[in-house]
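*Asks:* These protein sequence lines are chains A and B, in that order. If you read the first sequence in my numbering, its first letter stands for residue 1288, the second for the next number, and so on. If you read the second sequence in my numbering, its first letter stands for residue 1288, the second for the next number, and so on. We put the CB at the ideal spot given by N, CA and C, even for glycine. For clarity, every value in this text was computed on a predicted model and none was experimentally measured.
Protein chains: 2
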Amino acid sequence: MTSFGPQEEWRSAGSSALAPPVARLIEQLHKLPGIGPKTAQRLAYYLIRMPDREARELADAIGSVKESLGFCPRCQNIAAPGLCGVCSDSARDQTRLCVVQEPLDVVSLERASAFNGLYHVLHGLIDPMSNVGPDDLRIRELLRRIGDEPVQEVIIAVNPTVEGEATAMYLRQLLRPLGPRVTRLARGLPVGGDLEYADDLTLARALEGRQDF
Amino acid sequence: MTSFGPQEEWRSAGSSALAPPVARLIEQLHKLPGIGPKTAQRLAYYLIRMPDREARELADAIGSVKESLGFCPRCQNIAAPGLCGVCSDSARDQTRLCVVQEPLDVVSLERASAFNGLYHVLHGLIDPMSNVGPDDLRIRELLRRIGDEPVQEVIIAVNPTVEGEATAMYLRQLLRPLGPRVTRLARGLPVGGDLEYADDLTLARALEGRQDF
Chain A
1288 MTSFGPQEEW RSAGSSALAP PVARLIEQLH KLPGIGPKTA QRLAYYLIRM PDREARELAD
1348 AIGSVKESLG FCPRCQNIAA PGLCGVCSDS ARDQTRLCVV QEPLDVVSLE RASAFNGLYH
1408 VLHGLIDPMS NVGPDDLRIR ELLRRIGDEP VQEVIIAVNP TVEGEATAMY LRQLLRPLGP
1468 RVTRLARGLP VGGDLEYADD LTLARALEGR QDF
Chain B
1288 MTSFGPQEEW RSAGSSALAP PVARLIEQLH KLPGIGPKTA QRLAYYLIRM PDREARELAD
1348 AIGSVKESLG FCPRCQNIAA PGLCGVCSDS ARDQTRLCVV QEPLDVVSLE RASAFNGLYH
1408 VLHGLIDPMS NVGPDDLRIR ELLRRIGDEP VQEVIIAVNP TVEGEATAMY LRQLLRPLGP
1468 RVTRLARGLP VGGDLEYADD LTLARALEGR QDF
């Protein structure tokens, strides 16, 4: 996320061609993830040409989004103050808890419409290389819920990566003695995927997890 | 730039998972060019996690950029009030004028450090299909400069597209009777390009424009 290179580039080459407010905006946009120097430029000029009202709406949305948000006291998802929409929906299955890494995972799972239980957002994965330990995640809150709520199954739905595996193992060890069934998402071939292009590990997992048919 | 589809998608599927301020921010970000629904989501959560100060800086940069900008009265580039950096630089060659479509083109040419004259920004190309005629561009301002300034050469540096060609032809007809030499950027194989993959028109232009060696 360092932006020295391209900034220098603007400063040295385009300096006389770029008005300072434009250069400042490009710099700011370039700090965002996935926004390279060219995209930042294109976005900046788009914003400059935008109708006043729309530009102000976007600025307000960015400036105010943090103020109006907090964490749902139950599932820890980012939400407006109070219980989030999922947690306050009594029609959902209160006995199943899906543990995910971050808020976007909740959005993905909700879009798939395949789960009707509740969520718990960890806000990260155990990752010793980046100095993220269990205490940096919302694991304490998860354990408290297992005690307070009628949870019968905890589905660990973290990414199938090294950090995800480590976190899943750690959670399993913590959760099993507390009673609920602990499961995790199936690993195997992605739907629409091609056996020929599947990596060895995915193939091995797909074989391991083969199902009666 | 319509955003109905994806918005509906969030509304129907992720509605309970997304706090309204987050949904609003995703909607706003998704309106930007090149920002799809997934990127908008990723950006939104990144902005939410950003330190307060940085998020406010970005919001300010977007909200205020238009207020502090106008058009350089000479070259029509977007700039802070008064003459832009290029136009006010007396060390630049005042006899050569490079005509471009938009401000970003000036940035690109300045970065290449291959031109030391002045610019003129048209803010568009003649495009009858989109109802853009000569009067919608800064052509009147260009003609006034040819009269007022010691211009000896006008380099037409528009994109080699249908609209670019049409605009170039139109400008040539207007400019020739006024005296200055009218040139345009060479067309040919891009540096580092591969003859095998060049399209027919590019090859034809490269042959037409072949140079003694």
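Any Cβ of chain A within less than 7 Å of the Cβ of B:V1419?
*Replies:* Here residue 1419 of chain B is taken as the residue at index 132 of the second sequence, counted from 1. B:V1419 does not count as touching chain A.
*Asks:* Once the 5 residues before and after B:C1362 are set aside, which same chain residues still bring their CB inside 7 Å of it?
*Replies:* For the purposes of this step, residue 1362 of chain B is taken as the residue at position 75 of the second sequence. Closer than 7 Å at Cβ, skipping near neighbours: C1371, V1373, C1374, L1405, Y1406, H1407, V1408.
*Asks:* Looking at the structure shown, is B:H1410 part of a helix, part of a strand, or coil, going by DSSP?
*Replies:* What you label residue 1410 of chain B is simply residue 123 of the second sequence in a count that begins at 1. Reduced to three states, the DSSP call for B:H1410 is coil.
*Asks:* Give the C-beta separation of B:A1348 and A:L1305 to the nearest angstrom, bearing in mind that I take them to be a contact with Cβ-Cβ under 8 Å.
*Replies:* Taking the second sequence and counting its residues from 1, one reaches residue 1348 of chain B at position 61. Taking the first sequence and counting its residues from 1, one reaches residue 1305 of chain A at position 18. Your pair B:A1348 and A:L1305 does not check out as a contact, with CB atoms roughly 13 Å apart and the cut at 8 Å.
*Asks:* Just to confirm the assignment: which complete beta strand (DSSP E) runs, minimum length 3, are found wholly within the stretch 1411-1451 of chain A?
*Replies:* Those beta strand (DSSP E) runs which fall completely within the stretch 1411-1451 of chain A and span 3+ residues are 1440-1443.
*Asks:* Could you round the C-beta distance between B:E1440 and B:T1470 to whole angstroms and report it? I think they count as a contact, below 8 Å.
*Replies:* Along the second sequence, read from residue 1 onward, the residue named residue 1440 of chain B stands at position 153. Along the second sequence, read from residue 1 onward, the residue named residue 1470 of chain B stands at position 183. About 6 Å separates the two Cβ atoms, so the contact holds.
*Asks:* Along the beta strand (DSSP E) that carries A:T1470, what are the first and last residues, could you check?
*Replies:* For the purposes of this step, residue 1470 of chain A is taken as the residue at position 183 of the first sequence. Note, A:T1470: beta strand (DSSP E), 1468-1471.
*Asks:* Just list the alpha helix (DSSP H) runs in the stretch 1308-1381 of chain A, keeping only unbroken ones of 4 residues or longer that don't cross its boundaries, in chain order.
*Replies:* 1324-1336, 1339-1352
*Asks:* Which residues, in chain order, does the stretch 1340-1364 of chain B contribute to contact with chain A at a C-beta distance below 8 Å?
*Replies:* E1341, A1342, R1343, E1344, L1345, A1346, D1347, A1348, I1349, G1350, S1351, V1352, K1353, S1355, L1356, N1364
*Asks:* Nearest CA to the CA of A:T1382: which residue from A:I1433, A:P1477, A:D1423?
*Replies:* The sequence position of residue 1382 of chain A within the first sequence is 95, counting from 1. Of the listed residues, the one whose Cα sits closest to A:T1382 is A:I1433.
*Asks:* How long is the line joining the alpha carbons of A:V1352 and A:E1341, rounded to whole angstroms?
*Replies:* One-based indexing of the first sequence puts residue 1352 of chain A at position 65. One-based indexing of the first sequence puts residue 1341 of chain A at position 54. A:V1352 and A:E1341: Cα-Cα distance of roughly 16 Å.
*Asks:* Tell me which residues share the same chain as B:V1477 and place their Cβ nearer than 6 Å to its Cβ, disregarding the 5 neighbours each side in the sequence.
*Replies:* Numbered from 1 along the second sequence, position 190 holds the residue referred to as residue 1477 of chain B. Position check: residue 1477 of chain B holds Pro in this sequence, whereas Val was assumed. Counting only Cβ-Cβ distances below 6 Å, and skipping sequence neighbours, we find nothing.
*Asks:* Nearer than 6 Å: is that true of the beta carbon of B:I1426 relative to any heavy atom of the ligand NAD?
*Replies:* This structure does not include the ligand NAD; it has no bound ligands of any sort.
*Asks:* Which of the three DSSP states is assigned to B:R1492 in this structure?
*Replies:* In the second sequence, residue 1492 of chain B corresponds to position 205, counting from 1. Correct three-state label for B:R1492: helix.
*Asks:* What does A:P1308 reach in chain B if we use C-beta pairs closer than 8 Å?
*Replies:* Here residue 1308 of chain A refers to the residue found at position 21 when the first sequence is read from its first residue. Chain B residues near A:P1308: A1348, S1351, V1352, S1355, L1356, A1367.
*Asks:* What's the gap between the Cα of B:A1466 and the Cα of B:D1392?
*Replies:* What you label residue 1466 of chain B is simply residue 179 of the second sequence in a count that begins at 1. What you label residue 1392 of chain B is simply residue 105 of the second sequence in a count that begins at 1. According to the sequence provided, residue 1466 of chain B is Gly. The question's Ala does not apply to it. If you take the alpha carbons of B:G1466 and B:D1392, they lie about 25 Å apart.
*Asks:* Thinking just about the alpha-carbon of each residue, which of B:P1390, B:V1394, B:E1397, B:G1357 is nearest to the one in B:C1369?
*Replies:* On the second sequence, residue 1369 of chain B is found 82 positions in, with the first residue counted as 1. Note that residue 1369 of chain B is Gly in the sequence shown, not Cys. Among B:P1390, B:V1394, B:E1397, B:G1357, the Cα nearest to that of B:G1369 is on B:G1357.
*Asks:* Taking 7 Å as the threshold (C-beta atoms), are A:G1350 and B:R1474 in contact?
*Replies:* Against the second sequence, residue 1474 of chain B aligns to sequence position 187. Against the first sequence, residue 1350 of chain A aligns to sequence position 63. In this structure, A:G1350 does not lie closer than 7 Å to B:R1474 by Cβ.
*Asks:* What does the Cβ neighbour count give for A:P1360, buried or exposed, with the cut at 16 atoms within 10 Å?
*Replies:* On the first sequence, position 73 is the one that residue 1360 of chain A refers to. Its Cβ having fewer than 16 others within 10 Å, A:P1360 is exposed.
*Asks:* State the start and end residues of the unbroken alpha helix (DSSP H) segment that holds B:R1398.
*Replies:* The sequence position of residue 1398 of chain B within the second sequence is 111, counting from 1. Per DSSP, B:R1398 belongs to the alpha helix (DSSP H) from 1390-1399.
*Asks:* Please report the distance separating the alpha-carbon of B:I1322 from that of A:L1330.
*Replies:* Walking along the second sequence from the start, residue 1322 of chain B turns up at place 35. Walking along the first sequence from the start, residue 1330 of chain A turns up at place 43. Rounded to whole angstroms, B:I1322 and A:L1330 show a C-alpha spacing of 10 Å.
*Asks:* Scan the stretch 1428-1451 of chain A for residues whose Cβ lies nearer than 8 Å to a Cβ of chain B and list them as they occur along the chain.
*Replies:* none
*Asks:* Taking just the CA atoms, how far does B:Q1498 sit from A:Y1332?
*Replies:* The sequence position of residue 1332 of chain A within the first sequence is 45, counting from 1. The sequence position of residue 1498 of chain B within the second sequence is 211, counting from 1. The alpha-carbon atoms of A:Y1332 and B:Q1498 are separated by roughly 37 Å.
*Asks:* Please list, in chain order, the chain A residues whose beta carbon lies closer than 8 Å to that of B:G1321.
*Replies:* Translated into positions along the second sequence, residue 1321 of chain B becomes position 34. Within chain A, the residues whose beta carbon sits less than 8 Å from that of B:G1321 are T1326, R1329, L1330, listed in sequence order.
*Asks:* Report all residues from its chain with a CB closer than 7 Å to the CB of A:R1496; omit the five preceding and five following residues, and keep chain order.
*Replies:* Position 209 of the first sequence, counting from 1, holds the residue named residue 1496 of chain A. A quick correction: the sequence has Gly, not Arg, at residue 1496 of chain A. Result list for A:G1496: A1473, R1474, G1475, in chain order.
*Asks:* Kindly say whether A:R1468, judged by its beta-carbon, lies nearer than 7 Å to any beta-carbon of chain B.
*Replies:* Position 181 of the first sequence, counting from 1, holds the residue named residue 1468 of chain A. No - not a single Cβ of chain B is within 7 Å of the one on A:R1468.
*Asks:* Looking at the secondary structure, which residues open and close the beta strand (DSSP E) in which B:R1383 lies?
*Replies:* In the second sequence, residue 1383 of chain B corresponds to position 96, counting from 1. That run of the beta strand (DSSP E) goes 1383-1387.
*Asks:* Count the other CB atoms, across all protein chains shown, that sit within 10 Å of the CB of A:N1403; report buried if there are 16 or more and exposed otherwise.
*Replies:* In the first sequence, counting from the first residue as 1, residue 1403 of chain A sits at position 116. Exposed, since its Cβ has fewer than 16 Cβ neighbours within 10 Å.
*Asks:* What does DSSP give as the partner residues of A:L1405 in its beta bridges?
*Replies:* For the purposes of this step, residue 1405 of chain A is taken as residue 118 along the first sequence, with counting starting at 1. Paired residue(s): A:L1384.
*Asks:* Kindly list, in the order they appear in chain B, the residues whose Cβ is closer than 7 Å to that of A:R1311.
*Replies:* Within the first sequence, residue 1311 of chain A is the residue found at index 24, counting from 1. Going along chain B in sequence order, the residues near A:R1311 (Cβ under 7 Å) are A1348.
*Asks:* Let me know if B:G1480 comes out buried or exposed under the rule of 16 or more other beta-carbons within 10 Å of its beta-carbon.
*Replies:* Position 193 of the second sequence, counted from the start, is the residue given in the question as residue 1480 of chain B. Exposed: under 16 other Cβ atoms inside 10 Å.
*Asks:* Who are the near neighbours of B:A1493 in its chain, counting only those whose CB is closer than 8 Å to its CB and skipping five residues on each side?
*Replies:* Within the second sequence, numbered from 1, the residue matching residue 1493 of chain B stands at position 206. Here the set comprises R1474, G1475, L1476, A1485.
*Asks:* Report yes or no: is there a C-beta of chain B within less than 7 Å of the C-beta of A:G1301?
*Replies:* Indexing the first sequence from 1 puts residue 1301 of chain A at position 14. At A:G1301, the pLDDT of 49 sits below 50, so the modelled position is not reliable; the number obtained from the coordinates is stated separately. Yes - at least one Cβ of chain B is within 7 Å of the one on A:G1301.
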